[in-house]
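Undergrad: What follows is a single structure, and I will ask about it in a moment.
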Amino acid sequence: MTETDTQPLIFEFTGNRLCLDFTNTIHDRAGTPRELLRSYSDLLAWGKQAHLLTEAEAQRLGQKANRHKTEAEAVLREAIALRETIYHICEAIATGTAPTESDLNAFNDMLAHVMTHACLQPQGNDFIWEWRHKEHTLDSILWPVVRSAADVLTSEDRENVRVCAADDCNWLFLDTSKNHSRRWCDMKSCGNRAKVRKHYSHKKQPAT
Ligand SMILES: [Zn+2]
Numbered sequence: 057m058t059e060t061d062t063q064p065l066i067f068e069f070t071g072n073r074l075c076l077d078f079t080n081t082i083h084d085r086a087g088t089p090r091e092l093l094r095s096y097s098d099l100l101a102w103g104k105q106a107h108l109l110t111e112a113e114a115q116r117l118g119q120k121a122n123r124h125k126t127e128a129e130a131v132l133r134e135a136i137a138l139r140e141t142i143y144h145i146c147e148a149i150a151t152g153t154a155p156t157e158s159d160l161n162a163f164n165d166m167l168a169h170v171m172t173h174a175c176l177q178p179q180g181n182d183f184i185w186e187w188r189h190k191e192h193t194l195d196s197i198l199w200p201v202v203r204s205a206a207d208v209l210t211s212e213d214r215e216n217v218r219v220c221a222a223d224d225c226n227w228l229f230l231d232t233s234k235n236h237s238r239r240w241c242d243m244k245s246c247g248n249r250a251k252v253r254k255h256y257s258h259k260k261q262p263a264t
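Numbering-wise, the sequence shown is residues 57 to 264 according to this note's numbering.
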């Protein structure tokens, strides 16, 4: 069966950090890329599966998006631009190179915007980060993603961001394994593919 725009996608969350999972909303980055965020409702589906939105919140945003189609399309474009910016910065970090100034500027512009919505909310004796007006703002789904990226980049997590070793994948993940030896975004898919390929290349007979 082929995928249609109406079929809800099942996203994968193998990145160990929200911002890295968000960069993995495109398949086979280094091969023949397949976009998974094809509409604003895909973005909402991702938000629900990432536990950023409840069903009711997603419904409210979906209804608003239906009333403001141009705005929703703009948010989708913004989401993809943000995703690529975070990807470029994290991929640079993971491969030991410096992120470009234009990526950092783009990220910081977004961060400045997002932080205007940030607030602290008491929870018991503690405070937690919350977001003002999140239920009425179409791009609110991106705010926690931006904060997650800022957290990764300003913490020790930065050292453990990795790019999946499978040729065509290039998904990002945080290596939380004990000896920092995780190589694939997902052992079941990319890890197995690599193993199978290695197995066959070992079996290949030299040409006569
Ligand atoms: Zn992979």
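For every residue, glycine included, the Cβ atom is placed at its ideal position computed from N, Cα and C. Fair warning: this is a prediction, and the values are worked out from it, not measured in the lab.
Excluding sequence positions up to five away, which residues of its chain have a Cβ less than 6 angstroms from the Cβ of residue 77?
TA: By one-based count along the sequence shown, residue 77 stands at place 21. Correct list, in chain order: 69 and 71.
Undergrad: What is the residue span of the beta strand (DSSP E) that residue 94 lies within?
TA: In the sequence shown, the residue the question calls residue 94 occupies position 38. From DSSP, residue 94 is part of no beta strand (DSSP E); its letter is neither H nor E.
Undergrad: Nearer than 8 angstroms: is that true of the beta carbon of residue 245 relative to any heavy atom of ligand 1?
TA: Sequence index remark: in the sequence shown, residue 245 carries index 189 (1-based). At least one heavy atom of ligand 1 is found less than 8 angstroms from the C-beta of residue 245.
Undergrad: Going by the DSSP bridge assignment, what does residue 74 pair with across the sheet?
TA: Position 18 of the sequence shown, counted from the first residue, corresponds to residue 74. Beta bridge pairing from DSSP links residue 74 with no other residue.
Undergrad: Which ranges does the beta strand (DSSP E) cover as unbroken runs of at least 3 residues, wholly within the region 135-219, from first to last along the chain?
TA: 174-179, 182-187 and 217-219
Undergrad: Can you have a look at residue 123 and say buried or exposed, based on whether 16 or more other CB atoms are within 10 angstroms of its CB?
TA: As a working note, residue 123 is residue 67 in the sequence shown. It counts as exposed.
Undergrad: Does residue 108 come out as helix, strand or coil in the three-state DSSP assignment?
TA: What you label residue 108 is simply residue 52 of the sequence shown in a count that begins at 1. Residue 108: coil per DSSP, three-state reduction.
Undergrad: Give every residue of the same chain whose Cβ lies closer than 8 angstroms to the Cβ of residue 232, excluding the five residues on either side of it in the sequence, and list them in chain order.
TA: Residue numbering aside, residue 232 sits at position 176 when the sequence shown is read from its first letter. Excluding sequence neighbours, residue 232 sits near 72, 216 and 238.
Undergrad: Would you give the residue range spanned by the beta strand (DSSP E) that residue 69 belongs to?
TA: Locating residue 69 in the sequence shown gives position 13, where the first residue counts as 1. Here residue 69 belongs to no beta strand (DSSP E), and DSSP marks it neither H nor E.
Undergrad: Alpha carbon to alpha carbon, how far is residue 181 from residue 203? Give it in angstroms, no decimals.
TA: If you number the sequence shown from 1, residue 203 lands on position 147. If you number the sequence shown from 1, residue 181 lands on position 125. Their backbone Cα atoms lie some 23 angstroms apart in a straight line.
Undergrad: Using 8 angstroms for Cβ pairs, my map puts residue 213 next to residue 230. What's the rounded Cβ distance?
TA: The residue labelled residue 213 in the question sits at position 157 within the sequence shown. The residue labelled residue 230 in the question sits at position 174 within the sequence shown. Rounded, the Cβ-Cβ distance is 6 angstroms, consistent with contact.
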